Amino acid sequence: MGGHLNVNHLLFLGHGALWTIGLSLIALIGGGIVGFVIALARISPLRSVRLLSAAYVQLVQGTPLLVILFLGYFGLAAIGLKMSPLAAASASLTLYVAAYLGEIWRGSIQSVPKPQWEAAEGLALSRTQRMMKVILPQAIRIATPPTVGFMVQIVKNTSLASVVGFVELMRSGQIVNNSLFEPFIVYAIIAAVYFAMCYPLSLFSQKLERRMGRGSANFSLA
Amino acid sequence: MQQTSSSTPIVSLRDVQKSFGSLKVLDGVSFTVERGEVLAIIGRSGSGKSTALRCIDRFEKVDGGEISVCGRRVDLPDVDLRALRQDVGIVFQSYNLFPHLTIEQNITLAPCSVKRMGLAEAKALAHKVLAQVGLEEKIHAYPEQLSGGQQQRAAIARSLAMQPKVMLFDEVTSALDPELTGEVLKVIEQLAADGMTMVMVTHEMGFARSIADRIVFMHRGKVHETGPASILTAPTTPELVQFVGTGNLKS
């Protein structure tokens, strides 16, 4: 009806795929930075900081990403804060990813055995020194497999940015399909490309997990 | 200053009270440790001996009473914890070496970050304290590559590198088999011979008797009996008679 799938369509999809990767990286980096702050805030000695960060996490984890995206793009525009699709998608994904990474990393920090804290305290290290030199190096090793695993979720969730008109892989697929009316072929291609991005991450995460599973021997290898 | 510090105890607890919830763990504990003295705290599990030890380094906050360590009031809320912990070394039952660092890095970490010591000087210090515990050949090993006894000796070396005025040992051989216990006790014996002030919570009665200048027997959160090591062979209270009589006294 609308012609056949040709190389231009594929190039367009490829362009969309690049934006999916780009948006994933923005979400990972932005969410990583904010998430790190959240993780530290969740274990802060100050009760108010702990409560606030916990509330943030609960709020975001209890809200669909789709709703956050709508709020960011349509909601804020309605009250006069107009953002581009890229900015709205980036901001929404950052908020979303930060809540999850913050929790993953808080758990990793807290799973470093308490006696490690005490040993560091007993040696007169300051709280910052304990964190930077004793706890975080161990927590990072614990956190790496679940963080890589969560990157799969980030990549897949960027597809929701299509609803605010951001042309990543999913949206580019919709556009191509609108001209071709070949939904099976087009969305099969889209699915394959997502899979090709996510599967290596999954494998990598599993490999890391197996390596961690072998025990702390990795400490000397890393 | 030297004059006064040699006459006042390095550690003193006076009427210390501590509860965990409704459980009274320390019920008016008092004892002192003089410079160069080795004090062994003995007693049943749950008698409060480890808690008493941990209060000295303020790993537990007390509910009442007074604790002084090296002229510093540890029970007060504004105590300078980092200064306190430079004066006090603590060694734990579970060694607690840092698994991501080599033995050398474990030892140099605190001198470098807390005392701002240069790395070369800190490494020389690491050699010195490892020689003290007989572990020089393990300087570049990671903790997991060491036996339990070696890890505990490395943990003692790590504490020594901060040149503490008093060392606390919290059941440091409880996780070790008799052979490994022996090598750790030998190190502690040598420290005692070198004049280190030490407070140890221990289940090794034979060791306590041979090394301790004074024994504190704790029972139900109180110091039940205290005196020279001879109280273990001639206990006066029925509780201590029972405690040393239940097979705890290894010869």
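Protein chains in written order, with my numbering: chain A, 968 to 1189; chain B, 3 to 253. Just so it is clear, CB atoms sit at the ideal spot from N, CA and C, and this is done for glycine as well. As the structure is a computational prediction, the values presented were derived from the model and not from experiment.
Per DSSP, reduced to three states, the secondary structure at A/Ala1091 is coil, with no helix or strand assignment. In this structure, B/Ile12 sits away from B/Cys57, with a CB-CB distance that is not shorter than 7 Å. In the same chain as A/Gln1105, and ignoring 5 residues on each side of it, the C-beta atoms closer than 6 Å to its own belong to Val1079, in chain order. Identification of chain A residues near B/His142 by a Cβ-Cβ cut-off of 9 Å yields none; the smallest Cβ-Cβ distance measures about 10 Å.
Think of a sphere of 7 Å around the beta carbon of A/Gly1089: the chain B residues whose beta carbon falls inside it are Asp59, Arg87, Ile92, in chain order. Taking a beta-carbon distance threshold of 7 Å, B/Arg118 does not count as an interface residue toward chain A. Taking a Cβ-Cβ cut-off of 8 Å, the neighbours of B/Ser96 in chain A comprise Pro1082, given in sequence order. B/Met198 carries a coil assignment under DSSP once its states are collapsed to helix, strand and coil.
Each of B/Pro79, B/Glu146, B/Val90 was checked against the Cα of B/Lys63, and the nearest Cα belongs to B/Pro79. The C-beta of A/Ala1086 comes closer than 7 Å to at least one C-beta of chain B. Restricting attention to A/Val1016, A/Ile1107, A/His971, the CA atom closest to the CA of A/Gly999 is found in A/Ile1107.
Only Leu111, Ala112, Ser115, Val116 from the segment 105-117 of chain B bring a Cβ to less than 8 Å from some Cβ of chain A. Annotation: B/Ile44 to B/Glu227 spans about 10 Å, alpha carbon to alpha carbon. Assignment of B/Phe209 by DSSP, reduced to helix, strand and coil, places it in the helix class. Using a CB distance cut-off of 7 Å, B/His102 counts as an interface residue toward chain A. In the structure shown, the three-state DSSP call for A/Leu1013 is coil. Within the DSSP bridge table, the entry for B/Val71 names B/Val13, B/Arg74 as partners.
Below the 8 Å Cβ cutoff, chain A contributes Leu1090, Ala1091 as neighbours of B/Met164, in chain order.
Rounded to whole angstroms, the gap between the alpha carbons of A/Ser1139 and A/Ile1157 is 9 Å. With contacts defined as CB atoms closer than 7 Å, A/Ala1065 and A/Ile1005 qualify as a contacting pair. Rounded to the nearest whole angstrom, the CA to CA distance from A/Pro1012 to B/Ala236 is 49 Å. Contact annotation, A/Val1130 with A/Leu1036: C-beta distance approximately 6 Å; criterion of less than 8 Å satisfied.
Going by C-alpha positions, A/Lys1174 is about 28 Å away from A/Leu1062.
For A/Val1101 against B/Phe100, the beta-carbon gap comes to about 6 Å, under 8 Å, which counts as contact. Interface annotation, A/Val1153: not in contact with chain B, CB-CB separation never under 7 Å.
Under the three-state reduction of DSSP, B/Ala163 is assigned to coil, being neither helix nor strand. The DSSP-derived three-state label of B/Lys20 is strand. With a threshold of 16 other beta carbon atoms within 10 Å, A/Phe1148 falls short and is exposed.
Residue nearest to B/Thr110 within the set B/Thr239, B/Ser161, B/Arg46 is B/Ser161 (criterion: CA-CA distance).
Among the residues facing chain A, B/Arg16 is not included, as its CB has no counterpart in that chain under 7 Å away. Taking C-beta atoms as the reference points, B/Ala157 and B/Ile105 fail to come closer than 7 Å. For the C-beta of A/Gln1141, not a single chain B residue is nearer than 9 Å; the gap to the nearest is close to 48 Å.
Proximity to A/Ala1163 across A/Leu1090, A/Leu1136, A/His971 peaks at A/Leu1136, based on C-alpha coordinates. Taking 8 Å as the upper bound for CB-CB distance, B/Val116 and B/Gln88 are in contact here, some 7 Å apart. For A/Gln1096, the chain B residues whose Cβ falls inside 8 Å of its Cβ are Ser115, Val116, in order along the chain. In this chain, the alpha helix (DSSP H) harbouring B/Thr53 covers 51-58.
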